[in-house]
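The numbering used here puts the last residue of the sequence shown at 68; the count rises by one with no breaks. Every residue, glycine too, gets a C-beta built ideally from N, C-alpha and C.
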Amino acid sequence: TVEIDDGLRPIQTVKSSIIGFIGTAPEADAAAFPLDTPVLVTGPRMAAGLGAAGTLKDAFTAAYAQGVSVAIVVRVAEGAD
């Protein structure tokens, strides 16, 4: 299990329920989502910091609609291989 402690009380989730995304988000908060760095995202409120442009917004919208609650994201520059 993975323990997430970013609120009033810690929550636990199984490792197999965490997914990962690599994508673009040119309007992201660079302090919260630095380029080429894995970031643990624990919900839609935090994911909103990725901004409205790029591929990550749509990926998170689809994942949360399917019940995903925790993800690891790596934001890359547009055009990166």
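Residue i burial status per 10 Å Cβ neighbour count (16 or more: buried)
i: ALA34; result: buried
i: LEU37; result: buried
i: LEU22; result: exposed
i: LEU43; result: buried
i: THR11; result: buried
CA-to-CA distance, residue j to residue i, given in whole angstroms
i: PHE20; j: GLN53; result: 23 Å
i: GLY7; j: PRO31; result: 15 Å
i: ALA67; j: ALA18; result: 20 Å
i: VAL61; j: ALA40; result: 15 Å
i: GLU14; j: VAL57; result: 21 Å
i: LEU27; j: ILE59; result: 5 Å
i: TYR51; j: ASP16; result: 20 Å
Residue i, enclosing beta strand (DSSP E) - first and last residue
i: PHE47; result: Looking at the DSSP string, PHE47 is not in any beta strand (DSSP E); the run it does join, the alpha helix (DSSP H), is 43 to 52.
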